[in-house]
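Each residue of the sequence shown is one higher than the last, beginning at 15 in the working numbering. For glycine and all other residues, C-beta sits at the position ideal for the given N, C-alpha and C. Remember, predicted model here, so these are calculated numbers, not experimental data. A quick write-up on the structure given underneath.
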Amino acid sequence: MQTLKNSVKDQILQSAILEFKEKGYSQASLRQIAQSANISVGNVYRYFESKEQLFHAIITPPLTRFESILNLKPNSFEHPQVAFNELAQMISTTLISLIEDDKDALYVTLSDPKTSNLIQTHLKAFLTRLAAQWLDEFEKDDLDSSLVIDMLTKGIFHGCLQAVELSNTQDSKHIASAINMYFELHVYMIYATKGVSI
Numbered sequence: 015m016q017t018l019k020n021s022v023k024d025q026i027l028q029s030a031i032l033e034f035k036e037k038g039y040s041q042a043s044l045r046q047i048a049q050s051a052n053i054s055v056g057n058v059y060r061y062f063e064s065k066e067q068l069f070h071a072i073i074t075p076p077l078t079r080f081e082s083i084l085n086l087k088p089n090s091f092e093h094p095q096v097a098f099n100e101l102a103q104m105i106s107t108t109l110i111s112l113i114e115d116d117k118d119a120l121y122v123t124l125s126d127p128k129t130s131n132l133i134q135t136h137l138k139a140f141l142t143r144l145a146a147q148w149l150d151e152f153e154k155d156d157l158d159s160s161l162v163i164d165m166l167t168k169g170i171f172h173g174c175l176q177a178v179e180l181s182n183t184q185d186s187k188h189i190a191s192a193i194n195m196y197f198e199l200h201v202y203m204i205y206a207t208k209g210v211s212i
């Protein structure tokens, strides 16, 4: 029995990340991934049973980090405004860290329709739980809180994706500053709706 080598596995993963980034999951080719990694397609199958398994090996680390944040209970914070502030800071910190670690794998994760929908579903669920605690303050006669939650979810997610895209051409310090400012503005807007000075 031949021994599997971590260096070959890493080579396959790096080639796959670039292939998925360029073509998306459906158009990505294991043959092209193997060619880029300078190995045979048969050798790819020794490390990954399918294209799907290879894809999941790429998206699981960033997806797990996002889910660990979004599965937090809002009632673990002293006030919903504090919870949103903490959420913004945690997403900002995680996003910057993931960009520094492997921005291409992060882009593959955020740009894939299934995983992007999964992240947005978790984010929306968190914001919905937050609004449920804050309902008496949050709802007004002319306001449907679910619309606000949808807007916040899409705004936050697409802001994250835009930051990853810009990281290809912008200095990492500028990207980090922009991400922090982006989430601070969301927090300021939430506080402003309640007439709170920060």
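Where residue i falls: helix, strand or coil (DSSP)
i	result
I212	Low confidence applies to I212: its pLDDT is 49, below 50, so where it sits in the model is not reliable enough to give any reading.
F62	coil
N216	Examination of residue 216 is not possible in this model, given that the chain is present from 15 through 212 alone.
L144	helix
N194	helix
D118	helix
N99	helix
T74	helix
T107	helix
N131	helix
N85	coil
Q46	helix
Pick from the options that is closest to residue i, judged by C-alpha positions
i	options	result
T129	D164, L166 and I73	I73
L144	V162, F69 and F98	F98
I24	G56, A51 and D185	Before going on, a small fix: residue 24 reads as Asp here, not Ile. Answer by Cα proximity: A51.
L166	V178, H200 and I133	H200
K138	G38, S186 and L161	L161
Q49	V96, V22, F69 and P75	V22
A102	R60, I83 and D118	I83
S8	K117, Q176 and L141	Nothing in the structure corresponds to residue 8, since the chain is present only between 15 and 212.
P127	L175, K117 and N85	L175
N85	Q134, Q41, N20 and Q67	Q134
Q184	D164, K117 and H136	K117
H136	K37, T107, V122 and K168	K168
Contact belief for residue i with residue j at Cβ below 8 angstroms, rounded distance in angstroms
i	j	result
F34	I105	With a Cβ gap of about 23 angstroms, F34 and I105 do not count as contacting.
L77	I193	Not confirmed; about 19 angstroms, so no contact.
I189	S181	5 angstroms
E114	S186	7 angstroms
Y61	L18	6 angstroms
For residue i, the first and last residue of its enclosing alpha helix (DSSP H)
i	result
D24	N20 to Q41
Q176	S159 to L180
Distance CB(residue i)-CB(residue j) smaller than 8 angstroms
i	j	result
V58	I31	no
L132	V178	no
F80	Y39	no
I47	S64	no
Cutoff 8 angstroms: residue i Cβ touching any chain D Cβ
i	result
T183	This model lacks chain D altogether; it includes just one protein chain.
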